[in-house]
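These protein sequence lines map, in sequence, to chains A and B.
Numbered per this note's numbering, the first sequence finishes at 308, counting up by one with no gaps.
Numbered per this note's numbering, the second sequence finishes at 308, counting up by one with no gaps.
Glycine included, C-beta positions come from ideal geometry on N, C-alpha and C.
2 protein chains.
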Amino acid sequence: METSREIAIGIDIGGTNSRFGVVTGDGAVLKHDRFPTRTYSKAEDYVEALSHKIKEVVKDYEEYAFKGIGIGAPNGNYFSGTIEQAPNLVWQGVIPLTDLFKRYFDTPVVLTNDANAAAIGEMMFGGARGMKDFIVITLGTGLGSGIVVNGDLVYGHDGFAGELGHCFVYMDKGRKCGCGRRGCLETYTSAQGIKRTVFELMAEQTRESELRKLSYEEMTSENIFEAARKGDLLAKEAFEITGHYLGMKLADAVAFSSPRAIFLYGGLAKSGDMILKPTRKAFDAYVMNIFKGKASILSSDLNGKQGAILGAAALVWKQRK
Amino acid sequence: METSREIAIGIDIGGTNSRFGVVTGDGAVLKHDRFPTRTYSKAEDYVEALSHKIKEVVKDYEEYAFKGIGIGAPNGNYFSGTIEQAPNLVWQGVIPLTDLFKRYFDTPVVLTNDANAAAIGEMMFGGARGMKDFIVITLGTGLGSGIVVNGDLVYGHDGFAGELGHCFVYMDKGRKCGCGRRGCLETYTSAQGIKRTVFELMAEQTRESELRKLSYEEMTSENIFEAARKGDLLAKEAFEITGHYLGMKLADAVAFSSPRAIFLYGGLAKSGDMILKPTRKAFDAYVMNIFKGKASILSSDLNGKQGAILGAAALVWKQRK
């Protein structure tokens, strides 16, 4: 059967809301919707309610073959099908998520973390089609990464590989990180990271900026992008600094797996050249000679295209190989 | 046929000398010898002379099936079979090494860099038997790395992946590296690196040390190990510092590929606990919580066992899969 006549459900689980959608094998999102996450204090209740909703939705697509459910979730483990100790979810401990879904579905149910799902999505439906070695960096509240080597995701022996957000920019010093250590990349290059940089710049400089009107709690990376777009020099400098750190650490990542391309996805990546230019500049300056001119830093093809749902659904087809 | 009745030739090409040996499929080195490298200003002449020598040697093992030649060489590229711009070899430019050997042999001829060969050797004949995710760090004049993910070496899109020696300990500063940049790991944690640390300590401190009797050109990492073993405090501190840098950066490497173990091989690694203890201590202190207690830092099983020849020969069997 042609993959265009197949569908899978992609679910992107976030702390407050989940998003899910009906995706065809050639990457069309036929329908998508939101579903509350935080409302359900028990994962069992969440899965039961969402499963009923999915069953209803799938009924509308009876002319397609329903191939399964793919799920991207924070700390989702591909091997065990569990979500483990996810700080942003109300469900604590180890949640046997795929087992819970399998109570309601006979099809495959596949789970991985959100950044790995983004990488699989990029490979099946995005700019990485045809590539065997690439990396996707997700720039959301934190920094996630999905690393593909020789056509397969790098899961590591325990399913938790690909934590580039927790490689060190500074050893022994630098910003405190939610992981309990200091100097991790995501404390500099994420929605939170660029905000911390803005606050550092506001403290250090006397330069005027419209960002001085916002409290720490109010400010979002969209505010910073909007200010930079309008020419706010402090906001622009924050983007320069963010790209500089990211480009430097991507030079390290290339020394590890020598990918053909690195795709930036989500939140901050939507600011386009504002983040891409300084990232590429630092990357070119710091990458080892033997890799110069080989790896491209690109904006993900899935930005603004329900990429998280596409990536999650892609797991179902990628799983079958 | 049982692999114990098969042999391969393993060749380890060094700047001054090469070593080669006859290896059985179950990892016995039946015979090994040296062969000059630098003497031959042309790679063609080197390969011709060495091929004749190998043919003679193989004659003595006619009861075995001769399966091929595996070669570990600086900057050896698995995909192209070429040695490219190797700074320590007299042959400059791009040397089509496997093609040159194939003039003399009908069997497979497989080339990769020395650290990748060490990793394949560890997987077939050493401590990584049965592991699908591990890293071998070679601590020689420089620092090389062979990374195995899901049972396969990470070559990257161009065959040059696995340059952990050129990840940054310090960004923008730190020691000058042969690669033209600053702050690379191998400038701290290699035979050269520990010597540079000793010289830094001799400049900074007034502490007596037998190492003060040696010039920079005279001093080797064996001198430093010997002094440390006898209780020389400055030499011991140099090992502490070296292990500290190595352990910190291995914490980053684990965030990348989440290996089950990291093996230290060669030169400095032969100093055993002197390097292992501070490396493990720093690793435990810096590794991300989710990886704590999962990845072991071990001495390679192939240290002192013709490991470079074993690793090179292992390429022949690994190739066949």
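Inset, instruction - Please name the residues in the region 243 to 272 of chain A whose beta-carbon is closer than 7 Å to at least one beta-carbon of chain B, in chain order. - result: Phe243, Ser244, Ser245, Pro246 and Arg247
Legend entry - Counted within 10 angstroms of its Cβ, other Cβ atoms place Gln179 (chain A) as buried (16 or more) or exposed: buried
Inset, instruction - Kindly say whether Met206 (chain B), judged by its beta-carbon, lies nearer than 7 Å to any beta-carbon of chain A. - result: no
Legend entry - Closest residue to Lys305 (chain A) among A:Ala104, A:Ile82, A:Gly1 and A:His39 (Cα-Cα distance): A:Ala104
Legend entry - Beta-carbon contacts of Gln192 (chain A) that lie in its chain and below 8 Å, excluding the five residues immediately before and after: The answer, listed in chain order, is Leu221.
Legend entry - Separation of Cys171 (chain A) from Asp159 (chain A), as counted between CA atoms: 10 Å
Legend entry - Cα-Cα separation, Arg168 (chain A) to Ala225 (chain A): 23 Å
Inset, instruction - Report the partner residues of Thr316 (chain B) according to the DSSP bridge assignment. - result: There is simply no residue 316 (chain B) to check, as chain B begins at -12 and stops at 308 in what is shown.
Legend entry - Interface partners of Leu76 (chain B) on chain A, CB under 8 Å: Going along chain A, no residue has its Cβ under 8 Å from Leu76 (chain B), so there is no contact; the nearest lies around 15 Å.
Legend entry - Terminal residues of the alpha helix (DSSP H) in which Arg226 (chain A) lies: The identity of residue 226 (chain A) in the sequence shown is Phe, whereas the question assumes Arg. Note, Phe226 (chain A): alpha helix (DSSP H), Leu220 to Ser244.
Inset, instruction - Return the residues of the region 280 to 297 of chain B that lie within a Cβ-Cβ distance of less than 7 Å from chain A, sorted by chain order. - result: Lys281
Inset, instruction - Kindly indicate if chain B contains any beta-carbon less than 7 Å away from that of Ala148 (chain A). - result: yes
Legend entry - 6 Å CB neighbourhood of Lys89 (chain A) in its chain, flanking five on each side removed: The residues are Val96.
Legend entry - Per-residue contacts from Asp139 (chain A) into chain B (C-beta, under 7 Å): Asn137
Legend entry - Close-in-space but distant-in-sequence residues of the same chain around Leu37 (chain A) (CB under 6 Å, 5 per side omitted): Phe22
Inset, instruction - Keeping to the same chain, check which residues put their C-beta closer than 8 Å to that of Thr184 (chain B); ignore five residues upstream and five downstream. - result: Excluding five sequence positions before and after Thr184 (chain B), the CB atoms of its chain that fall closer than 8 Å to its own CB belong to Tyr175, Ala225, Ile228 and Thr229, given in chain order.
Legend entry - Residue(s) in a DSSP beta bridge with Thr125 (chain A): Beta-bridge pairing links Thr125 (chain A) to A:Gly131 and A:Tyr252.
Inset, instruction - Could you tell me how far apart the beta carbons of Ile(-4) (chain B) and Ile56 (chain B) are, in whole angstroms, since I believe they sit closer than 8 Å? - result: 5 Å
Inset, instruction - Look at Arg247 (chain A) and Met118 (chain A) and say whether their C-beta atoms are less than 7 Å apart. - result: Yes. Within cutoff.
Legend entry - Close beta carbons around Gly108 (chain A), own chain, < 7 Å, minus the five adjacent residues each side: Leu289, Gly294, Leu297, Gly298 and Ala301
Legend entry - Nearest-angstrom Cα separation, counted from Lys42 (chain A) out to Ile(-6) (chain A): Approximately 13 Å, taken between the alpha carbons.
Legend entry - Against chain B: residues of the region 82 to 113 of chain A by CB proximity under 9 Å: Look at the region 82 to 113 of chain A: it has no residue with a C-beta under 9 Å from a C-beta of chain B.
Legend entry - Cutoff 7 Å; reference Phe186 (chain A); Cβ partners in own chain excluding five residues on either side: Tyr203
Inset, instruction - Could you tell me which residues DSSP pairs with Leu289 (chain B) in its beta bridges? - result: Answer is none; Leu289 (chain B) lacks a bridge partner.
Inset, instruction - Compile a chain-ordered list of the residues in the region 112 to 135 of chain B whose CB is closer than 9 Å to at least one CB of chain A. - result: Met118, Lys119, Asp120, Phe121, Ser132 and Ile134
Legend entry - Close Cβ partners of Ala148 (chain A) (< 6 Å) along its chain, the five nearest in sequence each way excluded: Val141 and Tyr142
Inset, instruction - Could you tell me which chain A residues have their CB closer than 9 Å to the CB of Asn210 (chain B), listed as they occur along the chain? - result: None at all; the shortest Cβ gap to chain A is about 28 Å.
Inset, instruction - Determine the contact status of Thr99 (chain B) and Tyr51 (chain B), defining contact as a CB-CB distance below 7 Å. - result: Going by C-beta atoms, Thr99 (chain B) is not nearer than 7 Å to Tyr51 (chain B).
Inset, instruction - Could you tell me whether any Cβ in chain A is nearer than 7 Å to the Cβ of Met275 (chain B)? - result: yes
Legend entry - C-beta atoms of Ala282 (chain A) and Gly234 (chain A) nearer than 7 Å: no
Inset, instruction - Under 8 Å between beta-carbons, which chain A residues line up against Gly167 (chain B)? List them in chain order, please. - result: Asn276
Legend entry - Neighbour list for Phe66 (chain A) in chain B, Cβ cutoff strictly below 9 Å: None at all; the shortest Cβ gap to chain B is about 11 Å.
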